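Counting from 20, one number per residue, gives the positions in the sequence shown under this note's numbering.
Ideal Cβ positions, reconstructed from N, Cα and C, are used throughout, including at glycine.
Nothing here was measured: the structure is a model prediction, and the numbers come from that model.
In what follows, a structure is listed as structure tokens, so that the remarks can point back to it.
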Amino acid sequence: MTYDVVLTCAVTGAGDTTGKSPHVPVTPKEIADAAIEAARAGASAAHVHARDPETGQGSRDPALFKEIVDRIRESDTDVVINVTAGMGGDWISDPSNPAMPGPGTDMIGPEERLAHIKECLPEICSLDCGTLNFSDTDMIYISTPPTLRRMAALVQEWGVKPELEVFDLGHIRFAKAMVEEGLIDAPPMFQLCLGIPWGADQTVETMAAMKAQLPVGASWASFGIGRGQMPMAAAAVALGGNVRVGLEDNIYLDRGVLATNGQLVTRAREIIERMGGRILTPQEARNKLNLRGADG
């Protein structure tokens with residue numbers, strides 16, 4: 020059991036959720052306000068994506084990310100800023116020629132994947148540690164070892180902490196190799212991503228198996244999606260980890276009741292506190308995770 024919990028709220032994501040709930044933020048102002056709302060509800064950190072204000076689809080435009088991050092930093096509310104670096108790896112094969120990319124493919128190199136991170140220099144950025152069948156379609160998310168090593172080296176140079184997002188045991192195996200190679204500063208920070216098709220299932224047994232493979236001294240968190248969000252939050256605390264909730268992973272508070280980010284943070288906080296835990300303040304989270312803004 021962990022008693023001091025870093026609670027992250029993933030406020031919007033890049034998935035096709037904007038038409039399913041009016042609470043999913045889209046514009047830079049809405050996304051920044053959602054991060055601030057989450058922090059005021061008790062979140063230690065906010066994990067942010069950008070969306071195209073016109074279409075609502077996920078965007079990797081550095082200007083949009085810069086506006087979001089600047090708005091959060093200029094607010095009167097402190098929160099650890101965690102920015103996605105997971106876009107630019109989408110491959111969708113052309114049905115008429117599977118050897119070629121089809122409509123919707125977005126494949127770029129490591130420097131371009133990190134352009135917005137270099138621009139914003141957040142405290143944390145995500146690093147998706149492997150390739151995955153990301154749905155029941157022909158879409159594959161691709162992150163190759165050379166790409167990941169280059170991305171890890173760049174964020175290390177910039178002083179941004181990589182959140183090592185792992186969707187399966189093989190991803191942990193590769194992330195550990197990067198730690199051993201000196202590309203990841205101590206303590207390494209893992210996010211066990213559960214329930215994403217077709218990665219690791221969202222069960223307590225799966226979470227425990229993945230936790231058992233982490234390197235000694237690693238900090239870790241986990242999340243589930245949909246109705247598994249809160250059960251996986253409780254399991255993460257019980258197993259000694261940190262927690263992520265938010266509208267990126269689940270849009271419901273209860274059956275048929277659409278949630279806000281603040282409500283999901285409040286629900287997670289209640290679970291953590293009833294289990295005897297305490298949510299760390301943003302500064303305490305910086306200290307625990309050895310982020311750039313840590314005391315001392």
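Sub-7 Å separation of residue i and residue j beta-carbons
| i | j | result |
| --- | --- | --- |
| Val99 | Ala64 | yes |
| Gly77 | Val45 | no |
| Ile91 | Ala54 | yes |
| Val221 | Gly247 | According to the sequence shown, residue 221 is Gln rather than Val. In contact: Gln221 and Gly247 (Cβ atoms closer than 7 Å). |
| His68 | Leu277 | no |
| Leu26 | Val262 | yes |
| Gly340 | Val30 | Since the first residue shown for the chain is 20 and the last is 315, residue 340 is missing from the structure and cannot be characterised. |
| Ala60 | Thr285 | yes |
| Gly107 | Arg132 | yes |
| Pro216 | Thr166 | no |
| Ser238 | Met226 | no |
| Phe186 | Cys212 | yes |
Buried or exposed (CB count within 10 angstroms, at least 16 for buried), residue i
| i | result |
| --- | --- |
| Lys116 | In the sequence on display, residue 116 carries Asn and not Lys. So Asn116 ends up on the exposed side. |
| Thr163 | exposed |
| Arg305 | buried |
| Met119 | exposed |
| Arg297 | exposed |
| Lys230 | buried |
| Asp268 | buried |
| Ala205 | exposed |
| Gly178 | exposed |
| Lys275 | It should be pointed out that residue 275 corresponds to Gly in this sequence rather than to Lys. By the 10 Å Cβ count, Gly275 comes out exposed. |
| Arg320 | Outside the displayed span of the chain (20 to 315) sits residue 320, for which this structure offers no information. |
| Arg79 | buried |
Chain-order list of residues whose beta-carbon lies under 8 Å from that of residue i (same chain, five-residue window excluded)
| i | result |
| --- | --- |
| Pro114 | Gly121, Asp157 |
| Ala171 | Leu146, Pro181, Met197, Leu202, Ile203 |
| Ile270 | Thr36, Lys39, Ser40, His42, Val43, Leu277, Ala278 |
| Thr96 | Ile55, Ala58, Arg59 |
| Gly295 | Met20, Tyr22 |
| Gly123 | Asp109, Ile111, Met158 |
| Asn309 | Lys180, Asp204, Ala205, Pro206 |
| Ile87 | Pro47, Ile50, Ala51, Ala54, Val67, Ala69 |
Whole-number beta carbon distance between residue j and residue i, since they are thought to touch under 8 Å
| i | j | result |
| --- | --- | --- |
| Gly214 | Ile244 | 4 Å |
| Leu151 | Tyr160 | 5 Å |
| Phe153 | Leu183 | Wrong, their Cβ atoms sit about 18 Å apart, outside the cutoff. |
Cβ neighbours of residue i in the same chain (closer than 7 Å, five flanking residues each side left out)
| i | result |
| --- | --- |
| Pro234 | Lys195, Val198, Pro207 |
| Ala252 | Val262, Val264, Ala287, Ile290 |
| Ala313 | Arg305, Asn306 |
| Gln232 | Leu188, Ile191 |
| Val256 | Met20, Thr21, Val24, Val262, Ile291, Met294, Gly296 |
| Gly236 | Ala205, Pro206 |
| Ile127 | Gly107 |
| Asp155 | Pro216 |
Neighbourhood of residue i by C-beta distance below 6 Å, restricted to the same chain and skipping five residues each side
| i | result |
| --- | --- |
| Glu138 | Pro81, Lys85 |
| Ala33 | His68, Gly77 |
| Asn272 | It is Leu, not Asn, that sits at residue 272 in the sequence shown. So the qualifying residues of the chain are Ala278, Gln282. |
| Gly218 | Leu151, Phe186, Asp187 |
| Ala62 | Leu26, Cys28, Val284 |
| Arg311 | Glu142, Gly178 |
| His66 | Thr27, Ala29, Asn101 |
| Ser94 | Ile55 |
| Arg169 | Pro129 |
CB contact below 7 Å: residue i versus chain C
| i | result |
| --- | --- |
| Asp314 | Given the protein chain composition of this structure (a single chain), no chain C is represented. |
heavy atom of the ligand GDP below 6 Å from residue i C-beta
| i | result |
| --- | --- |
| Gly107 | Absence of the ligand GDP is noted for the structure shown, with no ligands found whatsoever. |
Three or more C-beta pairs under 8 Å: does that hold for the segment 136–154 against the segment 100–119? Yes, the segment 136–154 is in contact with the segment 100–119.
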